[in-house]
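Student: Before I ask anything, let me first share the structure, which is written out below as structure tokens.
In our numbering, the protein residues as written are 2 to 118.
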């Protein structure tokens, strides 16, 4: 397992504080609302560390770095490039530590009643 696994792989959106860099703007916004007492659905987010772990375990780091360095494709090639990226990510699955934390968090939420997705 990579060093990324030591990061947070699942973050509860409960008002304890998280950043847009960790969980994206929507997740951080929901967390801020919870911190100010607004009622939000019980929820959690997968942070950037979970993404980094999945990419590292799948060996996609070099491939993604190459894509980032290439000039943008011609408009006629965008669909093919998008399809290739989508296929690669669809094939990798979740790393075991991420999956186990999702299952545990979802199970705990479902025990308390309905959830929003």
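C-beta: ideal position from N, C-alpha, C; glycine also.
Buried or exposed: residue 32, going by 16 or more other Cβ atoms within 10 Å of its Cβ?
Tutor: buried
Student: Grouping DSSP H, G and I as helix and E and B as strand, with all else coil, what is residue 117?
Tutor: coil
Student: Should residue 12 go down as buried or exposed, given a rule of 16 or more other Cβ atoms within 10 Å for buried?
Tutor: buried
Student: Would you mind giving the Cβ-Cβ distance between residue 9 and residue 50, rounded to the nearest angstrom? I have them listed as a contact below 8 Å.
Tutor: 6 Å
Student: With distances taken from CA atoms, which of 16, 81, 38, 40 is nearest residue 29?
Tutor: Of 16, 81, 38, 40, the residue nearest in Cα terms is 16.
Student: Taking DSSP as the reference, what is the three-state secondary structure of residue 1?
Tutor: Nothing can be reported for residue 1, as the shown portion of the chain is limited to 2 through 118.
Student: Let me know if residue 46 comes out buried or exposed under the rule of 16 or more other beta-carbons within 10 Å of its beta-carbon.
Tutor: buried
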